[in-house]
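K.L.:
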Amino acid sequence: MITLKVLYFMSKNNAKTGWYLYIIRCANSHLYTGITTDIARRFAEHQASGPKAAKYLKGKGPLTLVYQESLTDRSEASKREITVKKYTRQQKLLLIEQHALIHPTER
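In the working numbering, the protein residues as written are 614 to 720.
#1: Based on Cα-Cα distance, which residue from C639, K673, T649, K665 lies nearest to S688?
#2: Per DSSP, what kind of secondary structure is S683 in: helix, strand or coil?
#3: CB-CB under 7 Å to I709, same chain, minus the five flanking residues each way: which ones, in chain order?
#4: Output the distance between the C-alpha atoms of T646 and A666, rounded to the nearest integer angstrom.
#5: Which partner residues does I648 have in the DSSP bridge list?
#6: Hey, out of H712, K705, C639, I715, whose CA is closest to K668's CA?
#7: Going by DSSP, which residues form a beta bridge with T677?
#8: I'd like the span of the alpha helix (DSSP H) that includes A713, first residue to last.
#9: To which residues of the same chain is I615 closer than 6 Å at the C-beta, ignoring the five residues directly before and after it?
#10: Decide if Q711 is buried, meaning its Cβ has at least 16 other Cβ atoms within 10 Å, or exposed.
#11: What do you get for A690, buried or exposed, if any count of 16 or more other CB atoms within 10 angstroms of its CB means buried?
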């Protein structure tokens, strides 16, 4: 049986909102890759090191958002995240560098 709560969850998660892939650089220069529908909110959660922050990033600040990529839906974002997480560090740095050349004001 589908309840109102389930319908709300389904509609909320199937809404055609934009999804984003992002890369954060930690103080120790490590790179963290994730996906979200709201980069500003998610980055603030990571910076605050609160309960919604990624465990990997806790205590590794200051953090810098170095890359973001817009995707159409969660499926596409998840597939792209898997691809980028398989990249070597050098490949990620090249991706970040190329993006900075194309979008210099987003840095």
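Each residue gets a CB set at the ideal place from its N, CA and C atoms; glycine is no exception.
P.N.:
The short version:
#1: Checked all of C639, K673, T649, K665; the closest Cα to S688 is T649.
#2: Three-state result, S683: strand.
#3: Closer than 7 Å at Cβ, skipping near neighbours: I636, V679, Y680.
#4: 13 Å
#5: Residue pairing for I648: DSSP places it in a beta bridge opposite L634.
#6: When only C-alpha atoms are compared, the closest one is C639.
#7: R638
#8: 702 to 715
#9: Unreliable placement is indicated for I615, whose pLDDT of 38 sits below 50; no coordinate value is reported for it.
#10: exposed
#11: Sixteen is the threshold: when 16 or more other Cβ atoms of the shown chains lie within 10 Å of the Cβ of A690, as they do, the residue is buried.
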